[in-house]
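One structure is given here, and the rest of the page talks about it.
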Amino acid sequence: MDELTKFRDDIKEKVEGAEGEGYKPKPDVLKWLEDVQKLESEWESMQESIAAAKRLSYKCCPKCSLHSESIQA
Numbered sequence: 026m027d028e029l030t031k032f033r034d035d036i037k038e039k040v041e042g043a044e045g046e047g048y049k050p051k052p053d054v055l056k057w058l059e060d061v062q063k064l065e066s067e068w069e070s071m072q073e074s075i076a077a078a079k080r081l082s083y084k085c086c087p088k089c090s091l092h093s094e095s096i097q098a
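Under our numbering, the first residue of the sequence shown is numbered 26, with each subsequent residue one higher.
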């Protein structure tokens with residue numbers, strides 16, 4: 026995801042530079058930039074959900090809780 030975000034930022038910079046010179050970006054490019062932004066938001070949401078699920082799954086019983094603590098240490 027990091028590589029895609031860096032690539033998006035690079036393309037966005039180029040688009041903004043071209044706009045400053047009077048060029049208009051193609052609709053496909055603008056759509057791609059929007060799609061990557063949406064994908065990044067979804068990715069962050071999934072990562073948060075996964076982290077929350079991991080925290081909750083280890084609290085199901087004391088034995089699991091102790092096991093998770095020894096793994097994290």
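Just so it is clear, CB atoms sit at the ideal spot from N, CA and C, and this is done for glycine as well.
Note that the coordinates shown come from a computational prediction; the quantities given were computed from them, not determined experimentally.
What's the gap between the Cα of residue i and the Cα of residue j?
| i | j | result |
| --- | --- | --- |
| Glu38 | Ala76 | 32 angstroms |
| Glu69 | Gln62 | 11 angstroms |
| Lys51 | Phe32 | 17 angstroms |
| Ser74 | Glu59 | 23 angstroms |
| Gly42 | Arg80 | 44 angstroms |
| Ala78 | Ser66 | 18 angstroms |
| Val40 | Thr30 | 15 angstroms |
Since residue i is in the alpha helix (DSSP H), which residue starts that stretch and which ends it?
| i | result |
| --- | --- |
| Lys49 | Per DSSP, Lys49 belongs to no alpha helix (DSSP H) and is neither H nor E. |
Excluding the five sequence neighbours on either side, which residues of its own chain have a C-beta within less than 8 angstroms of the C-beta of residue i, listed in chain order?
| i | result |
| --- | --- |
| Ile36 | Val54, Trp57 and Leu58 |
Considering only residues of the same chain and omitting the five flanking positions on each side of residue i, which have a CB-CB separation below 6 angstroms?
| i | result |
| --- | --- |
| Met26 | Trp68 |
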